[in-house]
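Heads up: the sequence lines are chains D and S, in that order.
Numbered according to this note's numbering, the first sequence terminates at residue 708, and the numbering increases by one at each position without gaps.
Numbered according to this note's numbering, the second sequence terminates at residue 245, and the numbering increases by one at each position without gaps.
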Amino acid sequence: MAQTLTKNETPTEAPALPAGDALVEPLPLPSGLAGLLGTGDHTTIGRLWIGFALLFGVAAAVSGVVADLSRLPDLDFPPTDTVTQVVYFRPVATVFLFLVALAVGLGTYVVPLQVGSRTIAFPRAAAGAFWTWLIGSGVLITSFAINGGPEGGVDGAGEVGTSLFLASFIVVLAALGLAAVCIVTTVFGLRTPGLSMMRVPMFSWSMVVAGAVWLLSFPVLAGMALLIFVDFEYGARIGFGAPTEMWDKLGWFAGQPQIYVVAIPVLGIIADVIPTLSGTRATFRGGTMAAIAAFGVLSFGAWAAPVFNEDVTTEAAFLIVSVLIVVPVLALLGGWASVMKKGSPSLGSPALLGLVSMLLLLLAALAGAAYAIEPLEVQGVAGGAWELGQILLVVAAAAAGLAAGVFYWAPKMWGHKASDSLGKIAAAVFLFAGLAAGVSQLVLGLSERIDSLADAADVLNGATTLGAALGALAVVLVALGAISSARGSAAGADPWGTGQTLEWATSSPPPRGNFAELAPVTSAEPVLDAAGAKEAS
Amino acid sequence: MALTTVASAPVARPRVLMIGTALVTGAVVMLFAGMLAIYLASRGAAVAGGTPWLPTDITLPLTQPNVMFLTLVMGSITIQWAAYSIGNDDRKNAYVALGLTAVIGVAYVNMAAYLYTLTGLDVDANSMSTLIVTISGAHIAMVIGATIFAVLMVFRALGGQYTSRQHDGVSAAAFFWHATTFVFFFIWLIIYVTK
Chain D
172 MAQTLTKNET
182 PTEAPALPAG
192 DALVEPLPLP
202 SGLAGLLGTG
212 DHTTIGRLWI
222 GFALLFGVAA
232 AVSGVVADLS
242 RLPDLDFPPT
252 DTVTQVVYFR
262 PVATVFLFLV
272 ALAVGLGTYV
282 VPLQVGSRTI
292 AFPRAAAGAF
302 WTWLIGSGVL
312 ITSFAINGGP
322 EGGVDGAGEV
332 GTSLFLASFI
342 VVLAALGLAA
352 VCIVTTVFGL
362 RTPGLSMMRV
372 PMFSWSMVVA
382 GAVWLLSFPV
392 LAGMALLIFV
402 DFEYGARIGF
412 GAPTEMWDKL
422 GWFAGQPQIY
432 VVAIPVLGII
442 ADVIPTLSGT
452 RATFRGGTMA
462 AIAAFGVLSF
472 GAWAAPVFNE
482 DVTTEAAFLI
492 VSVLIVVPVL
502 ALLGGWASVM
512 KKGSPSLGSP
522 ALLGLVSMLL
532 LLLAALAGAA
542 YAIEPLEVQG
552 VAGGAWELGQ
562 ILLVVAAAAA
572 GLAAGVFYWA
582 PKMWGHKASD
592 SLGKIAAAVF
602 LFAGLAAGVS
612 QLVLGLSERI
622 DSLADAADVL
632 NGATTLGAAL
642 GALAVVLVAL
652 GAISSARGSA
662 AGADPWGTGQ
672 TLEWATSSPP
682 PRGNFAELAP
692 VTSAEPVLDA
702 AGAKEAS
Chain S
51 MALTTVASAP
61 VARPRVLMIG
71 TALVTGAVVM
81 LFAGMLAIYL
91 ASRGAAVAGG
101 TPWLPTDITL
111 PLTQPNVMFL
121 TLVMGSITIQ
131 WAAYSIGNDD
141 RKNAYVALGL
151 TAVIGVAYVN
161 MAAYLYTLTG
171 LDVDANSMST
181 LIVTISGAHI
191 AMVIGATIFA
201 VLMVFRALGG
211 QYTSRQHDGV
221 SAAAFFWHAT
231 TFVFFFIWLI
241 IYVTK
């Protein structure tokens, strides 16, 4: 007997019904908490990601202030038995609870809209990824709070805390990976007809690159955490599970070149913001895509983990990668300068935040290149000051760039434009935060060559602490900006008036199912095409 | 036995499950690549330092890993058989092949458990034991995942899904299984053959 049914994997992936031909009335969605917990709607999940990422971002930034205070002498704060917790919580939370999660949130919300899809791929997996990440993050924060984390206290609570940290760390990595799978699959598999990969909006492209690099590097980190967990929980704790050596095996995610992975989506955000706010089509699309891809490839850093090679920072491969990564950053800056020259740029808050981000990223890339050049003697000086400065610059650049994304898409996500002045203040605060925190550590890193700098260590460390505090303030400003976009005059489909890509072709926020009907796409800027056709007729 | 109500033109259908499975597989392969790289680095460091990698009281037999590897290869063949059958609308063969794959998955886990009793590995003892237990344990989890994937496809096929025009699910399960075999080849070679 032949079967004739051809079902799709999940109902939400079914092709769109023709407008006005609703065969079945959709079931009413549950409201309230049940609706929130059970939703597979990418717009709700995306906003949840963004909200909690910003919340954890504030926590990460505050932990940064406390960690920086520990380097100031004559200040018995924080207490010595909590220094390790704060110092290790900072990079873990900054990367996996804040920056990557914020990028995933923007990707979950914006990417399906940009590629003209009615849904994200695997909506239930996308929802599962968020809730898994949230629970994992909660456990991770708890583990540090009970004296855990790497090198956690050796008393009973500390041991539990260390085990909890390792387990929740793996859970958080897996959840972020799953979310990345959903976003990347959306770009590859659910593009609207006519939208070839070469026409995909830049943010979606950058999420493909970032997702790929995350999916190739996070599992390596998770594998190391798993080995440490097995030895710490069940073994003798002399090999992998030795508490004092844990961070040596895990910390490479917050070092060069792996730290650059948090900045990959930022390149895509700015590449979308600049042409839109300049009111002109982007030039050199292929070159921009190649530069983002090159940046992504060069940021893959699992090979540079010290467990494979302790002296990796002195190797030629490390030098080549560190210097080469400056090239795509410069190429992108040049391309955007030409776009702005061609159009009539308005320096709205997203563009300003984007420019701050790129300035900090360029500085970070140059600092990273200098770090790899051994004769400069900046490696390992003053407790790794140069390394810290470079990482802080990358983090500030990524945070500012993701903030540009939040302000750019805020009217789409919450229905109203975010306060422009808040965004501009945030841009200025990000700039000062990045420079104060990052550059002062870079200067301290020169103390091997310039003796007098060693005497200024207290001042420079103080400047870094101030920068970290400003960073916390900037994240708060971004959160306030997001809140401000929940009120004000209603945004139409295209609040910037010069929208180019498909997210500006539907109402703000989009209805259930995102789009009624989309005409086949014929260029990389379908919204501009439609506007042009309307004017011509 | 022809299909009766299939539309004449092929539908442009997103292959999301295949793409998603490929991405997940890539991530899982990197998990093992990372751990095996640590294994090789640790073994290299131990040998260079003059200490024997395998303690004298530990034996790593080769027979069981050989059988396990062959079992997974057989699973690769049966699940490909399932994908081929469903591609030709031969549902009976597909059921048999998917069921066999699931049995093979269980057989692998059984042999892996037996191998643990033979080796007498003690996680407490040294890094080598930690590495072998973690890597082989993670691979058992991967095989269980691949088996669940295959069983899920049996139920979906029994429920009427998948035809010659739409068999992404079975193809994706096959892809993941092949990756399981691929990963075990390296575990077999690095841990059990070259010791």
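Even glycine gets a Cβ: it sits at the ideal position worked out from N, Cα and C.
- Taken atom to atom, the span from the alpha-carbon of residue 374 of chain D to that of residue 252 of chain D is near 43 Å.
- DSSP places residue 217 of chain S outside both helix and strand once states are collapsed to three, so it counts as coil.
- With a beta-carbon spacing of about 6 Å, residue 308 of chain D and residue 343 of chain D fall inside the 8 Å limit used to define contacts.
- Here residue 695 of chain D has 370, 456 as same chain residues with Cβ atoms under 7 Å from its own Cβ, once five neighbours each way along the sequence are excluded.
- Sequence-distant Cβ neighbours of residue 258 of chain D in its own chain, meaning closer than 8 Å and more than five residues away, are 238, 241.
- According to DSSP, residue pairing for residue 587 of chain D in a beta bridge involves D:661.
- Sequence-distant Cβ neighbours of residue 65 of chain S in its own chain, meaning closer than 6 Å and more than five residues away, are 218.
- By the criterion of a C-beta distance shorter than 8 Å, residue 401 of chain D is surrounded in its chain by 411, 412, once the five residues flanking it on both sides are discounted.
- The region 212-232 of chain D makes contact with the region 296-315 of chain D; the number of CB pairs closer than 8 Å reaches 3 or more.
- Within 8 Å of the CB of residue 88 of chain S, the CB atoms of chain D belong to 394, 395, 398, 478, 479, in sequence order along the chain.
- Distance from the CA of residue 293 of chain D to the CA of residue 450 of chain D, rounded to the nearest whole angstrom, comes to 35 Å.
- In the three-state reduction of the DSSP assignment, residue 552 of chain D falls in the coil class.
- Below the 8 Å Cβ cutoff, chain S contributes no neighbours of residue 278 of chain D, its closest Cβ being approximately 14 Å away.
- C-alpha of residue 645 of chain D to C-alpha of residue 699 of chain D: approximately 34 Å in a straight line.
- Between residue 521 of chain D and residue 575 of chain D, the beta carbon gap of about 5 Å places them in contact (Cβ cut-off 8 Å).
- Taking 8 Å as the CB threshold, residue 106 of chain S stays off the interface with chain D.
- Here residue 356 of chain D is not near residue 239 of chain S, since their CB atoms are 8 Å or more apart.
- In the three-state scheme derived from DSSP, where H, G and I count as helix and E and B as strand, residue 677 of chain D is classed as coil.
- Proximity of residue 356 of chain D to chain S, defined by a Cβ-Cβ separation below 8 Å, is satisfied.
- Of the candidates D:483, D:463, D:462, D:483 places its Cα closest to the Cα of residue 472 of chain D.
- Assigned with DSSP and collapsed to three states, residue 690 of chain D falls in coil, not helix or strand.
- Closer than 8 Å to the CB of residue 93 of chain S there is not a single CB belonging to chain D.
- With a threshold of 8 Å between beta carbons, residue 181 of chain S makes contact with chain D.
- Restricting attention to D:380, D:532, D:396, the CA atom closest to the CA of residue 497 of chain D is found in D:532.
- Residue environment analysis places residue 611 of chain D among the buried positions, since at least 16 neighbouring C-beta atoms fall within 10 angstroms of its C-beta.
- Of all residues in the region 277-308 of chain D, the ones placed with a Cβ closer than 7 Å to any Cβ belonging to chain S are 292, 293, in chain order.
- Against chain S, a Cβ distance below 9 Å from residue 390 of chain D picks out 76, 77, 78, 79, 80, 81, 82, 83, 84.
- Taking C-alpha positions only, residue 104 of chain S is separated from residue 245 of chain S by approximately 8 Å.
- Straight across, the Cα-Cα distance linking residue 179 of chain S with residue 107 of chain S is about 12 Å.
- Restricting attention to alpha helix (DSSP H) runs no shorter than 4 residues, the region 602-666 of chain D encloses them at 611-615, 623-626, 628-655, ordered along the chain.
- When C-alpha distances from residue 226 of chain S are compared across S:142, S:192, S:116, the shortest belongs to S:192.
- When Cβ-Cβ separations below 8 Å define contact, residue 426 of chain D makes no contact with chain S.
- Close partners of residue 431 of chain D in chain S (Cβ separation under 9 Å) are lacking, with about 18 Å as the shortest Cβ gap.
- Listed along chain D are 394, 397, 398, 400, 401, 402, 411, each with a C-beta nearer than 9 Å to that of residue 184 of chain S.
- Under the Cβ criterion of 8 Å, residue 360 of chain D is counted among the residues facing chain S.
- With a 10 Å radius around the Cβ and a threshold of 16 neighbouring Cβ atoms, residue 560 of chain D comes out buried.
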